[in-house]
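> I have a structure I would like to understand better, so I am pasting it below and will then ask my questions one at a time.
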Amino acid sequence: MGRKQTASRHIVKYRMMKGAEAEDDVAVEYPLTIVLNGEEWATVVCTPSDLEDMVLGFLAAEGIVRFPAQIQSLTIDEPGGFAYVETEQRQSVPKGDVMKRLIGSCCGKSRHIYFLNDAKTAKTVATSLHIPAEDCFRFMNRLHEMSASFRQTGGVHNAALFSPTDVVVARTDIGRHNALDKIYGYCLKHRIPVDDKLIVFSGRVSSEVLLKISKIGVGILLSKSAPTDLAIDLADELNVTVVGFIRGNSFNVYTHPHRIKGLNFKGGRSQHGHRHDIAHS
């Protein structure tokens, strides 16, 4: 039996010009320290669920492993807050690499600042997936339907991997990166191909989120929020279609709109490698 993902706290609730005592459910914040080959390597603050998947996805995203078979053992000490990982390559992993910044060129088009491990593991996505415009609303509605923890606390991020027909796996976490790591780890563990899948996400699309998407290998990202400028630039270069502000009966396509069928627009720019702000209604 795992830890609870929510906790009850006594609060004062103000409504209609009057305060009253109440009980409120809040998201649990759980620090998990990853001990890699006998050395404390990183501490992740997360929601205490699907921890093994999250650790596997995090290690893969950081370039420590590429396949689950490279991990000899992975033990979660949930009461103590530790994940003990032994890999087949026993060399010590420099802690500085995780935080060291690098200024470099991504795909040769422009200069970006990103983490050294991102430079090593980010990849241009190859996908032949195309989806109808109406599916952007359908997938986002499905994510909302599955998001019980968010409705209960309002304090978590939700992400789900979809095939063209339905959800494959959905994960929740207080950290948006952690939710994606949980999906990545699940796909690696169960050998799920992702070139024909997309990810639906509840949070803002930052450059770090976009890099995580490219590492997973998914070519379409749907979000109810907006991307940042650097996320758009990276999505252009890494061949990721970003659809944001999916609300009501409209959305914006920021990059690579050729993967969204039925937009019914005439654009003067190339369908590849440039920003597009397109509303569908």
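Taken in order, the sequence shown gives residues 106 to 386; the numbers are from my numbering.
Ideal Cβ positions, reconstructed from N, Cα and C, are used throughout, including at glycine.
1) Measure the Cβ-Cβ separation of ILE181 and ALA174 and say whether it is below 7 Å.
2) Sorted by chain position, which residues of the same chain lie with C-beta nearer than 7 Å to ASP286's C-beta, five sequence neighbours on each side aside?
3) When the Cα atoms are used, what is the spatial distance from THR333 to GLY308?
4) Taking the alpha carbon of VAL190 as the reference point, which residue from ASP278, THR111, VAL314 and GLU157 has its own alpha carbon closest?
5) Decide if PHE172 is buried, meaning its Cβ has at least 16 other Cβ atoms within 10 Å, or exposed.
6) To the nearest angstrom, how far is the alpha carbon of ALA336 from that of SER233?
7) Count the CB pairs spanning the stretch 138-157 and the stretch 271-279 that are closer than 8 Å, and state whether there are at least three.
8) Helix, strand or coil: which one does DSSP assign to TYR135?
9) Could you check the C-alpha separation between VAL150 and TYR291 for me, to the nearest Å?
10) Kindly indicate which residue of ASN354, LYS320 and LYS294 has the alpha-carbon position closest to the one of THR229.
11) Identify whether ARG309 lies in helix, strand or coil by the three-state DSSP scheme.
12) Going by the beta-carbon positions, is the gap between LEU326 and VAL347 smaller than 7 Å?
13) My guess is that THR138 and GLY168 are in contact by the Cβ rule of under 8 Å, so how many angstroms apart are they, rounded?
14) Leaving out five residues on either side along the sequence, give the residues of the same chain with a beta carbon under 6 Å from the beta carbon of ASN344.
15) Judging by CA-CA distance, which residue of ILE236, LEU368 and MET122 is the nearest neighbour of ASP301?
Short version:
1) The answer is no: Cβ separation not under 7 Å.
2) MET159, GLY162, PHE163 and ALA166, listed in sequence order.
3) THR333 and GLY308: Cα-Cα distance of roughly 12 Å.
4) Checked all of ASP278, THR111, VAL314 and GLU157; the closest Cα to VAL190 is GLU157.
5) When all chains shown are included, PHE172 counts as exposed.
6) Spanning the two alpha carbons is a distance of roughly 21 Å.
7) Yes: at least three Cβ pairs fall under 8 Å.
8) In the structure shown, TYR135 sits in a strand (DSSP, three-state: E or B).
9) Looking at the backbone, the Cα of VAL150 and that of TYR291 are separated by about 19 Å.
10) For the residues ASN354, LYS320 and LYS294, the minimum Cα distance to THR229 belongs to LYS320.
11) Three-state DSSP puts ARG309 in coil, outside helix and strand.
12) When the beta-carbon positions are compared, LEU326 and VAL347 come within less than 7 Å of each other.
13) With a Cβ gap of about 20 Å, THR138 and GLY168 do not count as contacting.
14) Excluding sequence neighbours, ASN344 sits near THR229 and VAL230.
15) Closest option to ASP301, Cα to Cα, is ILE236.
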